[in-house]
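Chains A and B, in that order, are what the protein sequence lines are. One gets my numbering by counting positions in the first sequence from 1 and adding 1396 to each. Residue numbers are given in my numbering: position 69 of the second sequence equals residue 52, and the series is strictly consecutive. Take a look at the structure set out below.
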Amino acid sequence: MFLQRQVPLAICFVVGVVFVFQDFVPHHDSEQLLTVFTDWGIIITGFASLLGVGSLIQVHWLHIKRQNAGWGYSVVTYVAMVGTLAAGIASGGKAAPDAQTGVMPAFGWVYNYTMVPLQGTMFAILAFFVASVAFRSFRARSVDSVLLLVAAVILLVGNVPLGEAAWRWVMPEGVPGIADVGDWVMNTLNLAVRRAILIGVALGIVATSLKFILGIERGYLGGGD
Amino acid sequence: MVPRLRLAWLVVPVLGVCGQALAQEGEGATVPLSAPTGVELIDRPNDDGKALMLLWDVMPYDAEGVVYRVEVAAGEAPFRETASLAWQGGSRFLSSEQKWPFWAWRKDDRRHLHVLTSFQAEEPDAAQAGGSRLVEKSLEPLTRYRVRLTVLRGEDSAWAGPLDAVPVGNLFNRVKLHNLIYTLLFSGIILVYIARARRRELFLRRIPGLDAVEEAIGRGTEMGRPIYFLTGRYDIGEPSTMAAITILGEVAKKVALYDTRLKVPHTYPMVMAVSQEVVKEAYIEAGRPDAFSEEINFFVTDDQFSYAAAVEGMMVRERPAACFYMGYYFAESLLMAETGAETGAIQVAGTDADHQLPFFVTACDYTLIGEELYAASAYLSRKPVLVGTLRGQDAAKAILMAAILAGTALATLGAAAGWSPATLGYVLDAFRDFGG
């Protein structure tokens, strides 16, 4: 119990306090300490990735074994994982084309012609999602929605040359451009709210860090034996 | 007649200013060059010992066309030029241009300042047998450097030095003094409120998003569908992830009590390992250790869109009763939240990613905005010590609001009363981030 509770809490307290004050100590040794701990973090993350791979293999194996809904996707995951690993080993971990022959190694082929297009597809889908969400949120059913709608229209119109031209055509001389109004919305109204949120977040981070450093929050230690 | 008089009022001061400037330049050009005076070479304070500061007086001959050449040598090596300083744009390389607060640096318009962080050193050239080349090297702590300052104007020159100094690392960065004071002040306030909360119950305002947690889990139980909980796209070192994991503990406790299925797909193995312990602890606290399963937390991938695709796929297949999105998110926020909304799940999001908030607000039923993410664990658990931290945050916020109001009033007063920017600068320094 001592090793599972008191020791981790003590380590958390000491390291937490040390690194709060480390930020105020510019001495080379202090910087070195931070570098060493950051390196330790990278090493631990490297080992932790094995946990991730282990979890992936286990979860998908159980899916296939129990024939859960969509277990076929788990087979695809296994094939993709093993295939990519094999391609990576065969290519010696290189993804870039050979400088002399220009031949793309298998690993590079997997990355450039499978991963990149798939990522691009997912990112492209975002445009449709934005449209669908915009349609829902811009229905002017309350004062808040109307404000949101007005701000959105100003920004949308202000960001296209055609919008600016139409604004100039409609508005009398001397009225600021719609792009300027949009900038004012973003840099004054929006920025003030963002800063308010960020101040709250910063205080929340201080409070959360204190809870961990002082051992008030200790759920991460786990329970049981 | 009247417009002509007005024009005269305008023209006279303009001519005056131009004349003064020309006279200064003219004066500078006629003053003979002499060695710079008041030359000092000092260790730069508030740093890691990799810089020196060269200071000297503003000279009567300072003008366009005058160049100060700084030469540096490590130990007994020959001098090499490291900088040529001439009037450029608005910069006159004055001591007052150093961006440090008033308590860390006395700004002086009558002194020049040049910060030395590197120097030219000669080293053997591998490409040329017996040859050498010049390379730029950083100043190193505890090494003696010699510096010579030469002033040039056309063919004339005069120099001062050499001077020597040793850069030393400092144990405290006075530039960040105000940050330290605020850290200690806010930590102290939070600790005071934690102590108070132990003695008496403190009031907490309602947070609808967190009140909905119970409802969402109850819904999952009734429908026999799983609850999804996502901890964000950051690794374990980020406070938002830690806050998300803390909320996961509270949600897991309720899930254990209701005997509902919980699924936590992860994007970082470290987060998964910690979440595993948190959920285990929650099930034990809820008195349901038998219901805990290692399969609750599982790793998906660390790739952003692969993760989003996998989670969306699971959502569409399993149609969860509730989805919780806590922590920090990027572009995948809308992909997942919109898919969750289409499956009919009750959705609660909590993030401090201000640029993703609009997406969550529109696609989710409830959204915890910014600090509410950090307040959630206290709100859900109602543990006095945790509630105390919330009140401490509120008190600190009140102080900051008062400071903002006071600063706004001061700036307005200063503008109205014609205070110099330097006067107001003393106050503003206390709230600036000097970044180093």
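We treat Cβ as the ideally placed atom computed from N, Cα and C, and that holds for glycine.
Check, Outcome
"Report yes or no: do three or more beta-carbon pairs, one from the segment 177 to 184 of chain B and one from the segment 367 to 386 of chain B, lie closer than 8 Å?", "yes"
"Quick one: grab the DSSP three-state call for residue 280/B.", "strand"
"Please classify residue 1532/A as buried or exposed, where buried requires at least 16 other C-beta atoms within 10 Å of its C-beta.", "exposed"
"Against chain B, with Cβ distances strictly below 8 Å, would residue 1603/A count as a contact?", "yes"
"Taking the straight line between their C-alpha atoms, what separation do you get for residue 209/B and residue 1466/A?", "16 Å"
"What residues of chain A sit near residue 376/B, judged by a beta carbon separation below 9 Å?", "1596, 1599, 1600, 1602 and 1603"
"May I have the straight-line CA-CA distance separating residue 1526/A from residue 393/B, to the nearest angstrom?", "43 Å"
"Cα-Cα, which of 82/B, 83/B and 76/B is closest to residue 94/B?", "76/B"
"Less than 8 Å between CB atoms is the rule here; does residue 228/B satisfy it with respect to chain A?", "yes"
"What would DSSP say about residue 1563/A, mapped onto helix, strand or coil?", "helix"
"Taking 8 Å as the CB-CB limit, is residue 1406/A close to chain B?", "no"
"Let's see if you can read the secondary structure: which residues bound the alpha helix (DSSP H) around residue 1592/A?", "1587 to 1609"
"Got a sec? Which residues, its chain only, sit under 8 Å from residue 1451/A by beta carbon, not counting five neighbours each side?", "none"
"Please classify residue 29/B as buried or exposed, where buried requires at least 16 neighbouring CB atoms within 10 angstroms.", "buried"
"Evaluate residue 252/B with the Cβ neighbour count: other Cβ atoms within 10 Å of its Cβ, from every protein chain shown; 16 or more gives buried, anything less gives exposed.", "buried"
"Which residues does DSSP pair with residue 309/B in a beta bridge?", "333/B"
"At least one CB of chain B closer than 8 Å to the CB of residue 1448/A: is that the case?", "yes"
"Please report whether the beta-carbon of residue 337/B lies at a distance below 8 Å from any beta-carbon of chain A.", "yes"
"Using a C-beta cutoff of 8 Å, does residue 40/B count as contacting chain A?", "no"
"Going by DSSP, what residues sit across from residue 103/B in a beta bridge?", "119/B"
"Strictly under 8 Å for the Cβ-Cβ distance: is residue 1479/A near chain B by that measure?", "no"
"For residue 318/B, would you say it is in contact with chain A, using Cβ-to-Cβ distances shorter than 8 Å as the test?", "yes"
"For the segment 339 to 352 of chain B against the segment 185 to 202 of chain B, do three or more pairs of beta-carbon atoms, one drawn from each stretch, fall closer than 8 Å, so that the two count as touching?", "yes"
"So if DSSP puts residue 152/B in a beta bridge, which residue, or which two residues, is it bridged to?", "31/B"
"Have a look at residue 1471/A and residue 307/B and give me their C-alpha separation to the nearest angstrom.", "28 Å"
"Closest Cβ-Cβ distance between residue 487/B and chain A: below 8 Å?", "No answer is possible for residue 487/B: the residues shown for chain B start at -16 and end at 419."
"Could you tell me which chain B residues have their CB closer than 9 Å to the CB of residue 1593/A, listed as they occur along the chain?", "335, 337, 340, 352, 353 and 354"
"Per DSSP, what are the beta-bridge partners of residue 147/B in this structure?", "129/B"
"Taking Cβ positions, are residue 1574/A and residue 1593/A nearer each other than 8 Å?", "no"
"Given this structure, state the Cα-to-Cα distance separating residue 98/B from residue 123/B, to the nearest angstrom.", "14 Å"
"Can the beta-carbon of residue 68/B be found closer than 8 Å to that of residue 44/B?", "no"
"Once DSSP output is grouped into helix, strand and coil, what is the label at residue 415/B?", "coil"
"Grouping DSSP H, G and I as helix and E and B as strand, with all else coil, what is residue 350/B?", "strand"
"Since residue 380/B and residue 1599/A should fall inside the 8 Å C-beta cutoff, what is the C-beta to C-beta distance between them, to a whole number of angstroms?", "6 Å"
"Relative to the C-alpha of residue 259/B, which residue among 331/B, 243/B and 231/B is closest?", "231/B"
"Along the beta strand (DSSP E) that carries residue 1415/A, what are the first and last residues, could you check?", "From DSSP, residue 1415/A is part of no beta strand (DSSP E) but of the alpha helix (DSSP H) over 1403 to 1418."
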